[in-house]
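**Student:** Let me begin by handing over the structure; questions about it come next.
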Amino acid sequence: MKTKVKIAAVAAVLLTVMFRLAMAEDAKKEEVKENKYLGDKQCIACHKDLDDSVKMWEASKHAKAYETLATDAAKKFSSDPQKDPACLQCHVTGFGKEGGFAVDLKDDKKETVAGVTCESCHGAGQKYLAIFAKAKAKKEAPDKKELAAAGLITPDEKKCLECHNEKSPTFDKEKPFKFDEMYKAIKHAVKAEAETK
Ligand code: HEC
Ligand code: HEC
Ligand code: HEC
Ligand code: HEC
84 MKTKVKIAAV AAVLLTVMFR LAMAEDAKKE EVKENKYLGD KQCIACHKDL
134 DDSVKMWEAS KHAKAYETLA TDAAKKFSSD PQKDPACLQC HVTGFGKEGG
184 FAVDLKDDKK ETVAGVTCES CHGAGQKYLA IFAKAKAKKE APDKKELAAA
234 GLITPDEKKC LECHNEKSPT FDKEKPFKFD EMYKAIKHAV KAEAETK
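Numbering-wise (our numbering), the sequence shown opens with residue 84 and increments by one.
See below:
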């Protein structure tokens with residue numbers, strides 16, 4: 084090999100290594116930033132006396148999404164749906180994430196992340212929970228910007244489409260997801276416009 088070619092080859096290898104290292108560093112940062120899932124117990128304990136979100140959620144199909152995986156209808160698509168990652172990714176909360184659902188969790192923890200719970204839509208609670216606790220203690224409204232910075236999500240159509248899409252084996256392609264209609268069915272804790280203005 085000529086020297087120039089050799090240098091080029093060595094440079095290419097070095098660049099690849101540096102690129103890989105940079106990617107690994109980014110992935111690590113991502114991990115540290117991610118909030119831990121807490122489960123729905125604390126959300127429910129506080130919100131059941133605050134607004135109708137708990138009542139509405141408990142009556143919704145989201146609350147039963149893990150139980151649905153034990154039905155005969157579910158077994159048409161998988162031999163053991165309650166253990167199948169291909170199903171769990173949309174039917175439980177924080178699947179495979181820190182604090183989220185895992186097949187081998189103890190039952191009392193498992194039931195707080197089974198199904199599509201509050202944190203599935205509003206984001207993992209680790210950081211924003213303390214803001215709510217402080218607001219409640221001081222009887223003040225929590226700061227919306229502070230909440231968003233701590234990971235609280237105000238869900239919109241994009242959030243719904245993470246699960247309501249053609250990867251769901253029961254998704255009806257003839258009936259694309261209509262946000263307004265679907266949101267009406269799960270609406271909760273909505274303050275009347277007149278009251279807030
Ligand atoms: C210590 C009590 C407490 C706990 C625990 C709690 N909240 Fe709240 N939450 C509040 C209070 C107080 C408010 C403000 C009053 C209101 O909007 O009803 C609020 C408001 C909210 C809002 C509306 C915020 C906004 O944009 O105005 C969301 C969404 C919410 N909570 C979700 C959750 C979720 C999800 C959990 C569980 C991870 C949770 N909360 C746990 C007390 C609590
Ligand atoms: C983490 C995944 C996930 C997200 C995010 C999600 N859903 Fe769902 N949704 C489901 C699953 C799973 C079911 C079916 C539950 C069952 O039948 O057991 C469902 C069912 C529903 C149903 C009942 C449908 C029916 O045929 O009766 C409505 C309404 C609904 N979702 C609305 C919404 C809206 C609106 C949003 C966004 C604000 C949303 N969903 C976000 C997973 C999700
Ligand atoms: C991409 C997200 C997603 C995945 C993956 C997923 N589901 Fe679902 N599942 C949903 C949603 C959303 C619904 C609500 C109806 C719809 O839009 O399909 C649902 C509804 C259901 C229903 C109730 C249907 C009805 O008519 O009431 C069953 C049963 C079901 N899923 C089983 C499964 C099984 C079994 C698997 C794994 C093989 C699975 N799902 C994987 C999102 C998902
Ligand atoms: C399927 C997704 C989904 C689930 C599950 C869910 N929410 Fe929500 N939530 C929403 C959406 C969408 C809104 C409306 C956001 C907006 O204001 O535009 C909302 C609004 C709220 C609000 C009012 C926000 C405001 O600005 O006044 C509160 C409080 C709240 N949710 C609490 C909860 C609690 C507590 C649970 C669990 C018991 C829960 N939510 C479960 C999607 C969800």
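By construction, the Cβ of each residue, glycine as well, lies at the ideal position given by its N, Cα and C atoms. For clarity, every value in this text was computed on a predicted model and none was experimentally measured.
Tell me whether A169 sits in a helix, a strand or coil according to DSSP, three-state version.
**Tutor:** helix
**Student:** Between the alpha carbons of C204 and A233, how many angstroms are there, rounded?
**Tutor:** 15 Å
**Student:** What are the start and end residues of the alpha helix (DSSP H) that includes C246?
**Tutor:** Per DSSP, C246 belongs to no alpha helix (DSSP H) and is neither H nor E.
**Student:** Is K274 near ligand 4, going by C-beta to nearest heavy atom under 7 Å?
**Tutor:** yes
**Student:** At a cut-off of 7 Å, is D281 close to ligand 3 when judged by its beta-carbon and the heavy atoms of the ligand?
**Tutor:** Any answer about residue 281 is impossible in this case: the structure gives the chain only from 84 up to 280.
**Student:** Tell me whether V137 sits in a helix, a strand or coil according to DSSP, three-state version.
**Tutor:** helix
**Student:** Could you tell me whether the segment 151–159 touches the segment 203–220, where touching means 3 or more Cβ pairs closer than 8 Å?
**Tutor:** no
**Student:** Indicate whether H271 and M139 have their beta-carbon atoms separated by less than 8 Å.
**Tutor:** yes
**Student:** If you run the structure through DSSP and keep just helix, strand and coil, what is E113?
**Tutor:** The pLDDT assigned to E113 is 49, lower than 50, so where the model puts this residue is not dependable; a value taken from the coordinates is nonetheless given after this. Helix, per DSSP.
**Student:** Can you check DSSP and say which residues form a bridge with A197?
**Tutor:** DSSP lists V175 as the beta-bridge partner residues of A197.
**Student:** Between the C-alpha atoms of H145 and V199, what's the straight-line distance to the nearest angstrom?
**Tutor:** Going from the Cα of H145 to the Cα of V199 covers about 5 Å.
**Student:** Mind checking which residues open and close the alpha helix (DSSP H) that includes D155?
**Tutor:** Where D155 is concerned, the enclosing alpha helix (DSSP H) stretches over D155 to K158.
**Student:** Given that a residue counts as buried once 16 or more other Cβ atoms are within 10 Å of its Cβ, and exposed if not, what is F184?
**Tutor:** buried
**Student:** Could you check which residue in A268, K166, E141 and E202 has the C-alpha nearest to that of T237?
**Tutor:** E202
**Student:** Going by DSSP, what residue range makes up the alpha helix (DSSP H) through F68?
**Tutor:** Nothing can be reported for residue 68, as the shown portion of the chain is limited to 84 through 280.
**Student:** Can you find the residues in the same chain that come closer than 7 Å, C-beta to C-beta, to P225, ignoring five residues on each side of it along the sequence?
**Tutor:** I214, F215 and A218
**Student:** Report the option in D191, E240, A128 and K210 whose CA atom is closest to the CA atom of Y120.
**Tutor:** K210
**Student:** Quick check: is the beta carbon of D239 nearer than 8 Å to any beta carbon in chain D?
**Tutor:** As a matter of chain content, chain D is missing from the structure shown, which is built from one protein chain.
**Student:** Let's test the definition: count the other Cβ atoms within 10 Å of the Cβ of D123 and tell me whether it reaches 16, buried, or not, exposed.
**Tutor:** buried
**Student:** Please list the segments of the alpha helix (DSSP H) lying wholly inside the segment 214–245, counting only runs of 4 or more residues, in order along the chain.
**Tutor:** 227–232 and 240–244
**Student:** Can you tell me where the alpha helix (DSSP H) with Q125 in it begins and where it stops?
**Tutor:** In the DSSP assignment, Q125 falls within the alpha helix (DSSP H) that extends over K124 to H130.
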